[in-house]
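Below is one structure, written out as structure tokens, with a few remarks after it.
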Amino acid sequence: MTPRLRRGVRLTYDRTRRTHVLLFPEGVLVPNATAAAVLELCDGERTVPDIAASLGERYAGVRESDVGDVLARLVDRQVVEWA
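In the working numbering, the protein residues as written are 17 to 99.
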């Protein structure tokens, strides 16, 4: 299974706030840096191990279980779905 942003959800960078913003029909979510890094890789093609490996190239100590936990919270918020 591969995670992707749900239809109508868009991740953008707000230059004024200097942070990522997740826009969706029900509102706005300001993800922390970890969630934003995961969201950038949710393209419906990468698996959780792929996302963890990609993040592991940029950051130390990335665990697949941590990526799965972040994704589970984003699925609960209804901004990410499994393809």
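In this text, a Cβ means the ideal position worked out from N, Cα and C, and glycines have one as well.
| query | result |
| --- | --- |
| How would you call Ala88, buried or exposed, if buried means at least 16 neighbouring beta carbons within 10 angstroms? | exposed |
| With 16 as the cutoff for other CB atoms within 10 Å, does Ala76 come out buried or exposed? | exposed |
| Should Ala68 be labelled buried (16 or more other beta-carbon atoms within 10 Å of its own) or exposed? | buried |
| Could you tell me which uninterrupted beta strand (DSSP E) segments, each at least 3 residues in length, are contained entirely in the stretch 24-93, listed from first to last along the chain? | 26-30, 35-40 and 43-45 |
| The beta strand (DSSP E) spanning Arg20 covers which residue range? | Pro19 to Leu21 |
| Taking all protein chains shown into account, do 16 or more other C-beta atoms lie within 10 angstroms of the C-beta of Val46, making it buried, or fewer, making it exposed? | exposed |
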